[in-house]
Ligand code: ATP
Ligand code: MG
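Residue numbers (the working numbering): 366 to 962.
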C-alpha cells in the first residue's frame with residue numbers, strides 16, 4: 366500500500382489566479398454543493414449537464430485522480446486510455462445499444478459510420494483484450510482509465526452530481542475462474558475503501574442492483590447525505606445494508622389452512638382503473654388490492670402481481686425471469702386481457718404468458734381485489750392458489766417489489782436514508798467476454814471465456830459529495846486531501862512592505878516544506894479576504910498583520926475552528942505540517958466507514 370502523496374510545495378498568488386467568487390448563490394443551484402462550487406469559483410455551467418472547471422476546481426479533480434492512481438496502482442492496476450468514441454457494432458454485440466437506450470449519444474462520421482460517446486467502456490475494453498489475452502498466464506489483469514464519459518441523462522441536475530459529461534475512473538478485471546475473479550473484486554473493493562477514506566468521505570458499502578451491467582454480485586459506495594438522490598436501506602446493527610433498488614424485505618407469513626372463503630364476485634367499476642380510484646370506489650385499502658402488471662420480455666409477455674400498496678421493482682422482475690423486461694403497450698395488454706388498461710387480473714393468465722411472477726406479499730393475502738379482465742370491472746374475493754395458481758412450470762413466487770418503510774429484514778426493522786452513489790463494483794462473469802470473444806487457453810490447452818469485473822468511480826461526484834457533507838453557512842469545509850491548496854495566507858495590508866516581505870518569506874518556507882500555499886496578496890479589505898477564504902474552504906489559514914508580525918507571531922485558524930490561535934513565526938511550518946498530518950489522519954480514521962463496514 367502507498368503512503369500519502371509526496372507533496373511538492375508551491376506558492377500561488379490569489380491576485381493572479383482565476384478565482385471568480387460570487388456573493389450570492391445563483392438561482393439555478395438546487396443543493397449546497399452546487400451553490401458553493403459556483404460561488405467559490407470552482408466551476409461554471411456551459412449548458413445543461415455540462416460544466417467547465419476553473420483552476421481551483423481542476424486542482425481538486427487532479428487531487429482525486431492522483432489518489433485514485435496511487436491506490437489502483439498499489440492494487441495491481443495498470444492505467445490505459447481508450448477512445449471516447451466507440452463503434453456502435455460493439456454495443457450491438459452485447460445488446461446494450463438497446464439496454465442503454467436514450468442514455469447513449471451517437472455520432473455519425475463522414476463515412477456514415479455510427480459511433481457511441483462512451484457512457485462506460487465494458488465493450489471497448491473487452492474487444493481490446495480479446496485481441497491481447499491468450500493464456501491463463503496473463504492473469505490476473507486489472508486495467509483502468511480516467512476518462513470522460515457521456516450519458517444523455519434524462520434530468521441532469523444538482524451541479525456536478527449528475528451531469529451529461531463527467532470524469533469516471535473505470536476499471537476492468539480479467540481472470541480465469543470465479544474464485545480468481547472474486548479475488549480481483551476484493552482487491553478493488555479494498556482499494557476503493559482506501560480511496561474514499563483518503564478523500565475524507567464518509568461512506569457505506571451497500572448491496573446493489575447490477576442494472577444494465579448484468580452479471581452477479583454488485584456493491585455500491587454511497588455517501589450518506591440528506592440531499593442524495595439514492596436511498597439506502599439498512600438494519601440498525603448494519604448487518605444488512607442495501608441500495609433501495611436491490612433491498613430485500615421479509616415476506617408476510619402465508620395464511621394457514623385451506624384457502625376457501627367466498628367465491629369470486631365481479632363488480633362494476635366504471636372508468637376506475639387506478640389503484641387509488643378503485644379503492645375510493647370500493648371503499649377498500651390499497652393493501653387489499655392485487656396489482657396485475659404486464660411486461661414484454663422479448664417476444665413473450667410476463668404477468669407480475671404485487672400488492673396494491675407496493676411498487677413493482679423492474680430489476681427484480683427482470684432478474685426473476687432471466688432478462689430485460691419492459692412494460693407492455695396498450696395493444697398487448699388489450700390482446701392478453703381483452704380489456705382496457707387498468708382492468709387486468711391474474712385469473713386465467715398463467716397458461717397464456719411466458720411467465721407469471723407473484724410477490725410473496727400477494728401469495729400471503731387471504732383474498733384480494735383484482736381487475737376482472739373485462740373493461741370497467743373488478744373482481745372481489747380473489748384467492749391466491751384457488752383462483753390463480755401459485756406453482757407451475759412458468760410460475761414462481763418471487764420478491765419483485767421495492768421495500769417500503771415498515772418492512773423488516775430477518776425480523777429486524779429496515780431504516781431508510783438518503784445518500785450519493787460515488788462508486789460501483791460489479792462481478793460481470795462472462796457477460797461481455799462471451800459475445801466479444803475474450804477467451805484464454807488453460808494449462809490443458811482448453812479455451813474458456815474470461816471472467817470479468819468492472820469498477821467505476823465518479824470523480825466529479827466525489828468533489829460534490831465532499832462539499833455536500835462538508836460545508837457551513839460561510840462556505841466549503843474541504844477535506845485536506847482534496848483542497849486545492851493546503852494553506853491560505855491572508856496578508857492584511859499587503860501594501861505595507863514588512864507584511865509583504867513576511868508573507869513572501871513564510872510562503873517560500875512552507876513551500877520548501879512541501880506545502881501548497883495560496884497567498885491572498887490582493888489589495889482588498891481583510892473582510893473580503895476572510896469571506897473568500899471561508900467560501901473556498903482551504904483547511905488551514907494563516908493571517909499576517911502588522912501588529913502580530915511586530916511581535917514575531919501570526920494567527921492560525923483551521924477552517925473548522927471558531928477561534929484563531931497565535932503561533933510564533935519560527936514554529937509555523939512545524940505546526941502546519943502537524944495539523945495537515947492530523948487532518949489526513951482524521952479523514953482516514955473517523956466517520957461511518959469504520960463503524961459501518
Ligand atoms: P446513477 O445511478 O447515479 O445514475 P449509475 O449507477 O448509472 O449512476 P455507474 O454506471 O455505476 O453509474 O457509474 C459509475 C460511477 O460513475 C457512479 O457510481 C457515479 O459515481 C458516477 N456517475 C454515473 N453517472 C453519473 C453522472 N451522470 N454524473 C456524474 N457522475 C456519474
Ligand atoms: Mg451505479
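Yeah, the Cβ is synthetic: ideal placement off N, Cα and C, and Gly gets one too.
Say yes only if the C-beta of residue 573 is nearer than 8 Å to one or more non-hydrogen atoms of the ligand MG, and no if none qualify.
For the purposes of this step, residue 573 is identified with residue 208 of the chain shown, where counting begins at 1. At least one heavy atom of the ligand MG is nearer than 8 Å to the Cβ of residue 573, so yes.
If you draw a straight line from the alpha carbon of residue 384 to that of residue 451, how long is it in whole angstroms?
Your numbering for residue 384 matches position 19 in the chain shown. Your numbering for residue 451 matches position 86 in the chain shown. Spanning the two alpha carbons is a distance of roughly 36 Å.
Short check: CB of residue 740 to CB of residue 631, under 9 Å?
Numbered from 1 along the chain shown, position 375 holds the residue referred to as residue 740. Numbered from 1 along the chain shown, position 266 holds the residue referred to as residue 631. No, the pair does not count as a contact, with Cβ atoms beyond the cut-off.
Against chain D, does residue 855 count as a neighbour if the rule is that its beta carbon must be under 9 Å from one of theirs?
Going by chain labels, chain D is absent from the structure shown, which holds only one protein chain.
DSSP beta-bridge partners for residue 841?
Taking the chain shown and counting its residues from 1, one reaches residue 841 at position 476. BP columns for residue 841 point to 836.
Which of helix, strand or coil does DSSP assign to residue 789?
Walking along the chain shown from the start, residue 789 turns up at place 424. If DSSP states are grouped into helix, strand and coil, residue 789 belongs with the strands.
Which of helix, strand or coil DSSP assigns to residue 377
The count along the chain shown starts at 1 and reaches residue 377 at position 12. Strand, per DSSP.
For residue 727, collect the residues of the same chain with a Cβ closer than 8 Å to its Cβ; drop the 5 residues on either side in sequence, then sort them by chain order.
Locating residue 727 in the chain shown gives position 362, where the first residue counts as 1. For residue 727, where only same-chain residues beyond five positions count, the Cβ hits under 8 Å are 655, 670, 671, 672, 733 and 749.
If you measure between the beta carbons of residue 883 and residue 614, is that distance less than 9 Å?
One-based indexing of the chain shown puts residue 883 at position 518. One-based indexing of the chain shown puts residue 614 at position 249. Against a cut-off of 9 Å, the Cβ pair of residue 614 and residue 883 comes out as no contact.
How would you call residue 508, buried or exposed, if buried means at least 16 neighbouring beta carbons within 10 angstroms?
Reading the chain shown from its first residue, position 143 is the one you call residue 508. Buried: at least 16 other Cβ atoms inside 10 Å.
Is the beta carbon of residue 783 less than 9 Å from the beta carbon of residue 589?
Residue 783 sits at position 418 when you count from the first residue of the chain shown. Residue 589 sits at position 224 when you count from the first residue of the chain shown. Against a cut-off of 9 Å, the Cβ pair of residue 589 and residue 783 comes out as a contact.
Residue 665 (DSSP reduced to helix, strand or coil)
Taking the chain shown and counting its residues from 1, the one referred to as residue 665 is at position 300. Residue 665: strand per DSSP, three-state reduction.
Would the C-beta of residue 459 count as close to the ligand ATP, meaning under 8 Å from any of its heavy atoms?
As a first step, residue 459 must be located in the chain shown, where it is residue number 94. No, Cβ of residue 459 sits at least 8 Å from all heavy atoms of the ligand ATP.
Using the Cβ count rule (16 or more neighbours within 10 Å means buried), how would you classify residue 960?
Within the chain shown, numbered from 1, the residue matching residue 960 stands at position 595. Because the pLDDT at residue 960 is just 34, under 50, the model does not fix this residue reliably, and the value given afterwards should be weighed accordingly. The residue is exposed, with fewer than 16 neighbouring Cβ atoms inside 10 Å.
Residue 661: CB within 8 Å of a non-hydrogen atom of the ligand ATP
The count along the chain shown starts at 1 and reaches residue 661 at position 296. Every heavy atom of the ligand ATP is 8 Å or more from the Cβ of residue 661, so no.
Name, in chain order, the residues that DSSP records as bridge partners for residue 885.
As a first step, residue 885 is located in the chain shown; it is residue number 520 there, counting from the start. DSSP, once it has assigned bridges, lists 855 as partnering residue 885.
Could you check the C-alpha separation between residue 366 and residue 375 for me, to the nearest Å?
Indexing the chain shown from 1 puts residue 366 at position 1. Indexing the chain shown from 1 puts residue 375 at position 10. Because the pLDDT at residue 366 is just 43, under 50, the model does not fix this residue reliably, and the value given afterwards should be weighed accordingly. In a straight line, the C-alpha of residue 366 is about 26 Å away from that of residue 375.
Burial state of residue 510, where buried means 16 or more other Cβ atoms lie within 10 Å:
Looking up residue 510 in the chain shown gives position 145. Flag for residue 510 reads buried.
Segment contact flag, the region 541 to 550 with the region 488 to 499, C-beta cutoff 8 Å, min 3 pairs
no
Could you say which of 408, 793 and 677 lies nearest to residue 391 if we only look at CA atoms?
For the purposes of this step, residue 391 is taken as the residue at position 26 of the chain shown. Nearest option by C-alpha distance: 408.
Under a three-way DSSP split, which group does residue 948 fall into?
Locating residue 948 in the chain shown gives position 583, where the first residue counts as 1. DSSP, read as helix, strand or coil, puts residue 948 in helix.
For residue 418, which of helix, strand or coil comes out of DSSP?
The sequence position of residue 418 within the chain shown is 53, counting from 1. The answer is strand: DSSP assigns residue 418 an E or B state.
For residue 640, the first and last residue of its enclosing alpha helix (DSSP H)
In the chain shown, counting from the first residue as 1, residue 640 sits at position 275. 640 to 647 is the extent of the alpha helix (DSSP H) around residue 640.
Residues in its own chain within less than 6 Å of residue 802 by CB, not counting five upstream and five downstream?
The residue given as residue 802 occupies position 437 in the chain shown. Around residue 802: 495.
Neighbourhood of residue 753 by C-beta distance below 6 Å, restricted to the same chain and skipping five residues each side
One-based indexing of the chain shown puts residue 753 at position 388. If we look at residue 753 and ignore the five residues flanking it on each side, its Cβ neighbours are 711 and 712.
Does the Cβ-Cβ distance between residue 556 and residue 439 come in under 9 Å?
Within the chain shown, numbered from 1, the residue matching residue 556 stands at position 191. Within the chain shown, numbered from 1, the residue matching residue 439 stands at position 74. Going by C-beta atoms, residue 556 is nearer than 9 Å to residue 439.
Roughly how many angstroms separate the alpha carbons of residue 616 and residue 724, rounded to a whole number?
The sequence position of residue 616 within the chain shown is 251, counting from 1. The sequence position of residue 724 within the chain shown is 359, counting from 1. Rounded to whole angstroms, the separation of the alpha carbons of residue 724 and residue 616 is 9 Å.
Would you say residue 379 and residue 885 are within 9 Å of each other, going by their C-beta atoms?
Mapped onto the chain shown, residue 379 falls at position 14. Mapped onto the chain shown, residue 885 falls at position 520. For residue 379 and residue 885, yes; Cβs fall inside 9 Å.
Is there contact between the region 546 to 561 and the region 806 to 822, where contact requires at least three CB pairs shorter than 8 Å?
yes
Between which two residues does the beta strand (DSSP E) holding residue 820 run?
As a position in the chain shown, residue 820 is number 455, starting the count at 1. DSSP places residue 820 in the uninterrupted beta strand (DSSP E) bounded by 816 to 823.
If you drop the 5 nearest sequence neighbours on each side, which residues of the same chain put their C-beta closer than 7 Å to that of residue 640?
To locate residue 640, count along the chain shown from 1; it is residue 275. Counting only Cβ-Cβ distances below 7 Å, and skipping sequence neighbours, we find 651, 654, 656 and 673.
Would you list the one or two residues that DSSP bridges to residue 549?
Stepping through the chain shown from its first residue, residue 549 is reached at position 184. Per DSSP, none; premise fails for residue 549.
Assign residue 850 to buried or exposed, taking buried as 16 or more other Cβ atoms, counted over all protein chains shown, within 10 Å of its Cβ.
Locating residue 850 in the chain shown gives position 485, counting from the first residue. It counts as buried.
Proximity of residue 853 and residue 907 at Cβ, strictly below 9 Å
One-based indexing of the chain shown puts residue 853 at position 488. One-based indexing of the chain shown puts residue 907 at position 542. In contact: residue 853 and residue 907 (Cβ atoms closer than 9 Å).
Cβ neighbour criterion (16 or more within 10 Å) applied to residue 946
Residue numbering aside, residue 946 sits at position 581 when the chain shown is read from its first letter. Residue 946 should be labelled exposed.
Near the ligand NAP: residue 784 beta-carbon under 8 Å from a heavy atom
Ligands in the displayed structure: the ligand ATP and the ligand MG; the ligand NAP is not one of them.
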